[in-house]
Amino acid sequence: MKKLYSFILIAVISFSGFSQSSEIKKADRFFAQRAFMDASDAYENVNNKGQEVLQNLGDSYFYTNQMQNASEVYKNLFLKFGEAVAPEYKFRYAHASMAVGNYKEADKYFSEFSGTQTDFEKFRRELDTTVSHVFTSNQVMNNAASADFGISFYGDDKVTFASTRNAERPLYPWNKKPTLDLYTATTDDEGQLSEIVLFPGDINTDSHESSATFSKDGMTMYFDRTNEKRVKVEDDKIAHISLYRAKMVDGSWTNIEKLPFSSDSYSVEHPSLSADGSKLYFASDMPGTNGSFDIYVVDVNEDGSFGTPQNLGAGVNTAHREQFPFISEEGILYFSSDGHQGFGNLDIYKSEGDFSETKNLGATINSGFDDFAYVVKEGEDTGWYASNRRGTDNLYNFLREDYTPPVVEIDERETNTETGRQQLKDVGNIYFDFDKATIKKESEVTLDKVVTIMKKYPTLNIEVGSHADARGTDSYNMALSERRAASTLEYLVSHGIERDRLTSKGYGESMPLNDCTKPTGCTNEQYAKNRRSEFTIMN
């Protein structure tokens, strides 16, 4: 009987192990096919989740916008396996943490991933003082419960957009929704859509079509379509995306042709045509791309041929993902990125002029989820964008208003009559013992006043200027004053003041407050007056 029990126990354990192995293989197949919803269900059935299972489970939730689940799985992954986990998972965990509002965790993992300190709360405070617009958004009604995005202007009162609402199309394994088609719709004054119909002609196929853009005369359109051919990329087979052009001939869209810089080996997507039709902006991961996707521009010649695509450079593109460019009639570039500091996942940014700088559009339009495919009529301050903040891709209409950040008057400001510099009012200097740079106990009262004022005025920047008396060589006193400035600054930082709001500078013995300019001839009290740190307002 004992042998029988042992045999049964071994059989049960063996069957359980086989069952778990079979479940992992099934989940891995779904994951390789990018059927992430099926993959997450299968991975959840695995009892003892190892590193690869947790990585794939977290990614399956991440790529289907289930950020709460993704955040919990990634957290468990790092708790169990720590530094054995590849850095890319820190990046995704940080974005998932942003989406669920865990900014402290996001800062930690963004900082570890990039090697530079990030501070979301500081970023948000600074952004509030620099944004030029505020946005009021309303979700576009969608009775089809489809995923919709990518509005483009199509005449005076019509738009096109991409949607999964065509139930006759094949289902896409990634999200179990039909493949994307282009639609047209009429807009009203509230930004809502009506008279929604499939885009006419032969533009739509069983592949994905999306992201149309039109010439000003309405005779030329560009759009993207997923390639039928799949190519092997590492361990996966991927169908890339290509750009197409169509012409309006006798009232019909015809002469559909793939653009010559498209390829089966990489994606070219999200076209946006300049107002004069001479430049086409798009996103791509073609050779020469800095990150996973970059924004490019190509000249459209008068004969319809194209120049060589040009990467817009480091002012726009990062080591991560830049997509969904839109060039407005005023030549302002809007795009989405998860590489610039933002609110999490894709945020909407703008860049003007030579595209050397990028600005986040702010918290009134961006969220912790993907916000993308922004278009605007600059003269009317209205437009649309898409976001998956409510679970799936939805269209939002917005009204944009000019915004001038209020100027905060700093009451604690006065002019030093001797130096002419702006200093903190009613905040005196702090003083040091002879040949010392240590903060004295009695100085903490003054330093705490500085901390209070700087927290009250979060845009206030301060220089800590420190000095020595005339006893000692010039070089020694300069080094001593620099140590005093550094110790003063470190006290402020240790009490919650951001380091980049502070500068420290040593002046040596060059700026005495009295006539004690020689190593002898003054009392200890007179020399002591010059051993100090001062606080100067720098903005």
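With mature numbering (1 follows the signal peptide of the UniProt record, and there is no 0) applied, the sequence shown covers -21 to -1, 1 to 518. Where is the CB? At the ideal position from N, CA and C, for every residue including glycine. Predicted model only: the values in this text are computed from it and were never measured.
Residue closest to residue i, alpha-carbon to alpha-carbon, out of the options
i, options, result
"Met16", "Lys5, Trp153, Asn145", "Trp153"
"Leu33", "Arg8, Val64, Val430", "Val64"
"Gly362", "Asp38, Thr115, Glu2", "Thr115"
"Gly294", "Val276, Phe334, Ser307", "Phe334"
"Tyr245", "Tyr313, Glu207, Asp127", "Glu207"
"Glu513", "Ser190, Ser93, Leu481, Phe57", "Leu481"
"residue 526", "Pro437, Leu471, Ser489", "Residue 526 lies beyond the residue range present for the chain, which begins at -21 and ends at 518; the question has no answer from this structure."
"Lys195", "Leu252, Ile344, Gly475", "Leu252"
"Glu23", "Tyr40, Gly347, Leu291", "Tyr40"
"Asp50", "Phe348, Tyr313, Asp405, Gly485", "Per the sequence shown, residue 50 should be read as Ser rather than Asp. The residue with the shortest Cα to Cα distance from Ser50 is Phe348."
"Asp405", "Thr425, Leu56, Lys420, Ile235", "Thr425"
"Arg148", "Gly170, Asp136, Glu84, Leu177", "Leu177"
"Asp38", "Asn27, Ala14, Asn26", "Ala14"
"Asn48", "Asp20, Glu67, Leu403, Pro179", "Asp20"
"Asp412", "Glu359, Ile344, Arg511, Asn290", "Arg511"
"Leu58", "Val79, Glu84, Gly80", "Glu84"
"Ala365", "Leu259, Gly80, Gln118", "Gln118"
"Ile217", "Val110, Phe10, Asp229, Glu504", "Phe10"
"Val355", "His319, Glu309, Ser454", "Glu309"
"Gln30", "Arg8, Gln12, Asn55", "Asn55"
Cα-Cα separation, residue i to residue j
i, j, result
"Gly341", "Ser90", "22 Å"
"Ile274", "Glu380", "27 Å"
"Tyr353", "Ser284", "28 Å"
"Thr396", "Lys428", "Model confidence at Thr396 stands at a pLDDT of 48, short of 50, so the residue's coordinates are unreliable and nothing is read from them."
"Lys226", "Thr233", "5 Å"
"Ser125", "Ala141", "10 Å"
"Asp479", "His112", "26 Å"
"Ser257", "Val277", "9 Å"
"Thr398", "Asn376", "Residue confidence is low: Thr398 scores 49 on pLDDT, short of 50, so the model does not pin down where it sits. No coordinate-derived value is stated."
"Thr515", "Gly444", "7 Å"
"Pro157", "Glu105", "42 Å"
"Gly61", "Phe92", "13 Å"
"Glu461", "Lys329", "41 Å"
"Ser173", "Val472", "56 Å"
"Tyr223", "Asp203", "6 Å"
"Thr108", "Ser131", "31 Å"
"Tyr410", "Glu423", "11 Å"
"Ala73", "Asn339", "18 Å"
"Ser(-1)", "Phe303", "41 Å"
"Tyr201", "His187", "14 Å"
"Tyr470", "Thr43", "45 Å"
"Asn269", "Thr95", "19 Å"
"Ile3", "Thr297", "35 Å"
"Glu357", "Arg369", "27 Å"
"Glu359", "Leu378", "9 Å"
"Tyr382", "Tyr313", "18 Å"
"Ile418", "Pro66", "40 Å"
"Gln289", "Tyr151", "32 Å"
"Gln171", "Tyr88", "40 Å"
Whole-number beta carbon distance between residue j and residue i, since they are thought to touch under 8 Å
i, j, result
"Asn373", "Asn121", "6 Å"
"Asp168", "Asn183", "About 29 Å separates the two Cβ atoms, so there is no contact after all."
"Glu477", "Asp98", "7 Å"
"Ile311", "Glu331", "5 Å"
"Phe261", "Pro250", "5 Å"
"Val247", "Met265", "7 Å"
"Gly134", "Gly197", "6 Å"
Contact check, residue i vs residue j, beta carbons under 8 Å
i, j, result
"Leu325", "Phe351", "yes"
"residue 520", "Ala416", "Beyond the ends of the chain as shown, which are -21 and 518, falls residue 520; an answer cannot be given."
"Ala447", "Gly407", "no"
"Thr496", "Ala449", "yes"
"Ser189", "Gly129", "yes"
"Tyr53", "Arg71", "yes"
"Phe322", "Met46", "no"
"Ser271", "His299", "yes"
"Thr199", "Thr163", "no"
"Ser489", "Ala464", "no"
"Asn509", "Pro498", "no"
"Lys211", "Thr165", "no"
"Glu301", "Ser316", "yes"
"His219", "Asp185", "no"
field: beta strand (DSSP E) segments (min. 3 residues) lying fully within the segment 399 to 459
entry: Fully enclosed beta strand (DSSP E) runs of 3 or longer: 401 to 403, 441 to 445.
Ranges of the beta strand (DSSP E) found wholly within the segment 341 to 369, counting only runs of at least 3: Complete beta strand (DSSP E) runs here, min 3: 350 to 356, 361 to 366.
message: Suppose only complete runs of 4+ residues qualify. What are the alpha helix (DSSP H) ranges in the segment 59 to 104, listed by chain order?
response: As for any alpha helix (DSSP H) of minimum length 4 sitting wholly inside the segment 59 to 104, the runs are 66 to 78, 82 to 93, ordered along the chain.
field: Runs of beta strand (DSSP E) wholly within the segment 114 to 195 (minimum 3 residues, chain order)
entry: Taking only runs of at least 3 residues, the beta strand (DSSP E) segments lying wholly in the segment 114 to 195 are 127 to 132, 137 to 142, 160 to 166, 172 to 177, 188 to 193.
query: Which runs of the beta strand (DSSP E), 3 residues or longer, sit entirely within the segment 248 to 291?
result: 258 to 263, 273 to 278, all fully within the segment 248 to 291.
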